[in-house]
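Trainee: The structure is given below, and queries will be raised subsequently.
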Amino acid sequence: MTAIHPIVLPKWGLSMEEGTIIAWHAEEGGFISKGADLVDIETPKITNTLEAPLSGVLRRRIAEIGGTYPCGSLIAVLADAGVSDAEINTYISARQASAGITDASEEASDADPQTLDLGGHTLRYLVRGEGEATVLLLHGFGGDLGNWMFVQPKLAEHVRTIALDLPGHGGSDKDLSGIASLSDLADLVLRAMDGMGLANAHVVGHSMGGLIAALMAERQPQRILSLTLVSPAGFGSPVSTSFLDAFVLARKRSEVALAAAQLFSDPTLVSRDMIDALLRYKRLDGAAEALSTLAELLKNTPTAQGLAAIADFSRPVTLVWGAADSIVPLSPAQSLPVIREVIVLDSAAHMAHLEAADAVAAAIQRNIRSAS
Amino acid sequence: MAKKTYRQAINEALRQEMARDADVVIIGEDVAGGQGGSAGVLDAYGGVMGVTKGLVGMFGPERVIDTPISESAIIGMAVGAANTGLRPVAELMFVDFLGVCFDQLFNQAAKVRYMFGGKAKTPMVMRSMIGAGLCAAAQHSQTLHPIFTHVPGLKVVMPSGAYDAKGLLIEAIRDDDPVIFLEHKALYEQIEEVPDEPYMIPFGEANIILDGGDVTVVALSNMVHVALAAARSVAKDGVRAEVIDPRTTSPLDEDTILESVAKTGRLVIVDESPPRCSLAADIAALAVTKAFRDLKAPVEMITAPHTPVPFAPSLERLYIPGADAVTQAVRRVLQS
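Put into structure tokens, the structure is as follows:
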């Protein structure tokens, strides 16, 4: 390692804003191996150990024990012994100076979610970034706009992004009256685009959201600039009914944890924060009924409904799949000419946008570029 | 989602349930405030802690019913109203006053479903205030949840924070059995993220507030915050305490406690009531009868002493279990 490597306070969950340093496991000036315990950080939910992301000399411990720092703050610096102290000092001061600036600008642009009233349905959405083109992000069954927490900021560096809570989910209305099919949901999202003043958009959808995106392209193809679909339903494989049932019925923490673990190739990613957020969502009035209704719709969806919906679509379509996806397994059926690329990610299961956010963001950006 | 106080969360739960179900009514002293008094001011108080403030203006005096100072009448009226179809939420200002209305609760409310073979029910909630710390002296400072927990037929709920308070109160109001809902005086200003929408937290499901593998700390109501302070303090020495808030003492989530003890082998229980026949004793008994072979150290009970709550501030501070006592107990169980 010749470069200086920053260690920042990690963001372990959507609601995590800051963490408190409890203990350092490595001394300044000592060598630390990749994966070794580096520092204990406490959040209101959990005390966790941050491991060294790579091997090197712990040149500087910046965060003090007992101190509370925002996520993303520089807390330590790793570098080779060959890097001079002066270089380390310059690096730290430059980093801290720019952090001050980014913090301020983030506060200005990092707006809170907004709501949109569509007459009968209130939808919550989160806008990040600026640009002429807009990327609309649609989560899957049981998810919410927070599922894009790693992908959305990356996309927002280049384009305007809007992550939406679908009806029945997140901060949107839990009442699904008037929704008798996934096509109805596609119509509703198109109406939401009207409400948000979006003539057109690049649409990214995950799982059920992927199928909704495809159905939007079938109904109003001129408004959809590109489709990037992550493990979409309706592209050859049925959605696992055992997962749908387990998720709908899960009421206790342990049941929610078991269902959520099916979503990831690395089940240790199912954090306490994630389970808490799922439990909090599932406890909301109407959420259980909405999930139950949507699960039935998904079970009754023809396995190739999405493929059929984009058969005549003329703009770029990219499919992204986690190789270990057991909820909507990778299907050999995706060979339509309209599909530009199928990207299979080895290190991911159903939640590729959380497990391999960089790769998913890159795939979306490539697909958007190919559309213009 | 907004941050709300424990007081606001309870008020919101009452407001949303009253709006949702016309059978939900509130009964208690000064819950509307001033009615019939010499000033004639409506909605001046909202109860002694202002928890029901604003509700009479929204739902009227027929559903937010001010009563004379007669606890036996308040609770008896709630039991009868529940038996005949309403869903009353009665307020017993201080839990210390249960002595004058206990027959209505433990001989009537708790037994109606059982003695009528399931043909009658008592869907009522009794809200009441527990806890020391406000220098309110021996008759206004007790933490009497063990007495209710002892009675089969009563459900007993003790929220430790604003999020739990709203979800547990909505669950309590919709429950068809009598529920004792105990609010800690010291928590009314506690602030948490609380969803604007109604939600229910099921009874009998403990909350693991902090994950850890070295020692299990079970704490109730305000003692959860004492346990968390202790957990933070021992974390500096690398000790990971798992802090469990049972949320409800009846039903009690035995599984979560036993699973944690199976992992840690060490158990500290923190409870603000005196130790004899208490929840601390109950949970200690649970551990030694069902998890004896998992235990690597004697169970520690950190409780108030077996005395009345002292009035003198200096003595009251000594009476309430503190983080230092919990920290020391954690160190003791780790040594054996």
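Quick mapping for you: the protein sequence lines, in order, are chains E and W. Letter 248 of the first sequence, counting from 1, is numbered 248 in our numbering, and no numbers are missing. In our numbering, each residue's number is its place in the second sequence (first place is 1) plus 372. Backbone N, C-alpha and C define an ideal beta-carbon position, used for all residues, glycine too.
1. In three-state DSSP terms, what is proline 267(E)?
2. Which two residues bound the contiguous alpha helix (DSSP H) that contains proline 685(W)?
3. Please give the ranges of any alpha helix (DSSP H) in the segment 522-586 of chain W, keeping only runs that are unbroken, at least 4 residues long and fully inside the region.
4. Can you give, in chain order, each stretch of the beta strand (DSSP E) that sits fully within the segment 4-88 of chain E and has at least 3 residues?
5. Taking Cβ-Cβ distances shorter than 7 Å, what residues in chain W pair up with arginine 272(E)?
6. Under 8 Å, do asparagine 396(E) and arginine 223(E) count as touching if we go by C-beta distance?
7. Judging by CA-CA distance, which residue of Val660(W), Val642(W), Leu667(W), Glu672(W) is the nearest neighbour of alanine 695(W)?
8. Spatial neighbours of leucine 136(E) within its chain, please: C-beta separation below 6 Å, excluding the five flanking residues on both sides.
9. Could you name the residues that DSSP lists as bridge partners for glutamine 114(E)?
10. Have a look at arginine 387(W) and threonine 628(W) and give me their C-alpha separation to the nearest angstrom.
11. What's the call for phenylalanine 664(W), buried or exposed, on a 16-neighbour Cβ count within 10 Å?
12. Under a CB-based cut-off of 8 Å, is arginine 315(E) close to chain W?
13. Evaluate serine 268(E) with the Cβ neighbour count: other Cβ atoms within 10 Å of its Cβ, from every protein chain shown; 16 or more gives buried, anything less gives exposed.
14. Methionine 390(W) CB to nearest chain E CB: under 8 Å?
15. Using a cut-off of 9 Å between C-beta atoms, extract the partners of methionine 595(W) located in chain E.
16. Here's the rule: buried if 16 or more other CB atoms are within 10 angstroms of the residue's CB, otherwise exposed. What is leucine 78(E)?
17. What does the alpha-carbon distance come out to for the pair alanine 308(E) and alanine 76(E)?
18. For glutamate 51(E), I'd like the list of residues in its chain whose CB is within less than 7 Å of its CB, leaving aside the five on either flank, ordered along the chain.
19. Go through the segment 453-515 of chain W residue by residue and report every complete run of the beta strand (DSSP E) that reaches 3 residues or more, in order.
20. If you draw a straight line from the alpha carbon of histidine 169(E) to that of alanine 701(W), how long is it in whole angstroms?
21. Among residues of its own chain, excluding the 5 on either side of alanine 104(E), which ones have a beta-carbon nearer than 6 Å to its beta-carbon?
22. Would you say leucine 47(E) lies against chain W (beta-carbon separation less than 8 Å)?
23. Less than 6 Å between C-beta atoms, sequence neighbours within five positions excluded: which residues of the same chain meet that for alanine 537(W)?
24. Quick one: is lysine 375(W) near chain E, going by C-beta distance under 8 Å?
25. I'd like to know if isoleucine 573(W) contacts chain E, where contact means its C-beta is closer than 8 Å to some C-beta of that chain.
26. Please report whether the beta-carbon of lysine 252(E) lies at a distance below 8 Å from any beta-carbon of chain W.
27. Closest by CA to proline 238(E), which one among Thr90(E), Trp24(E), Ala3(E), Ile327(E)?
28. List, in order along the chain, the chain W residues whose C-beta lies closer than 8 Å to that of aspartate 175(E)?
29. I'd like the list of long-range same chain contacts for glutamate 710(W), defined as Cβ closer than 7 Å, with 5 residues on each side in sequence excluded.
30. Determine contact between the segment 509-516 of chain W and the segment 479-490 of chain W, defined as no fewer than three beta-carbon pairs at a distance below 8 Å.
31. Residues of the segment 281-298 of chain E with a CB closer than 7 Å to any CB of chain W: list them in chain order, please.
32. Check for me: the alpha helix (DSSP H) holding threonine 628(W) runs from which residue to which?
33. May I ask you to report which of helix, strand or coil DSSP gives alanine 676(W)?
34. Residues of chain E with CB closer than 8 Å to the CB of alanine 453(W), please, in chain order.
Mentor: According to the structure data:
1. helix
2. 685-691
3. 534-546
4. 5-8, 18-24, 37-42, 47-51, 56-61, 68-70, 74-79
5. Asp583
6. There is simply no residue 396(E) to check, as chain E begins at 1 and stops at 372 in what is shown.
7. Val642(W)
8. Ile162, Ala201, Val203
9. Tyr125(E)
10. 32 Å
11. exposed
12. no
13. It is worth fixing the name first, because residue 268(E) is threonine in this sequence and not serine. Exposed is the call here.
14. no
15. Simply none; closest approach about 17 Å.
16. buried
17. 52 Å
18. Gly35, Ala36, Asp37, Leu38
19. 459-466, 497-502
20. 44 Å
21. For alanine 104(E), the predicted structure reports a pLDDT of 39, less than 50, and the residue's modelled location is therefore unreliable. The matter cannot be settled from this model.
22. According to the sequence shown, residue 47(E) is threonine rather than leucine. At least one chain W Cβ lies under 8 Å of threonine 47(E).
23. Tyr378, Ala381, Ile382, Pro531
24. no
25. yes
26. yes
27. Ile327(E)
28. Those within 8 Å of aspartate 175(E) in chain W number zero; the least Cβ separation is about 11 Å.
29. No answer is possible for residue 710(W): it lies beyond the span of chain W, which begins at 373 and ends at 708.
30. no
31. Arg283, Leu284, Asp285
32. 626-636
33. coil
34. What alanine 453(W) touches in chain E: nothing, since even the nearest Cβ is about 25 Å away.
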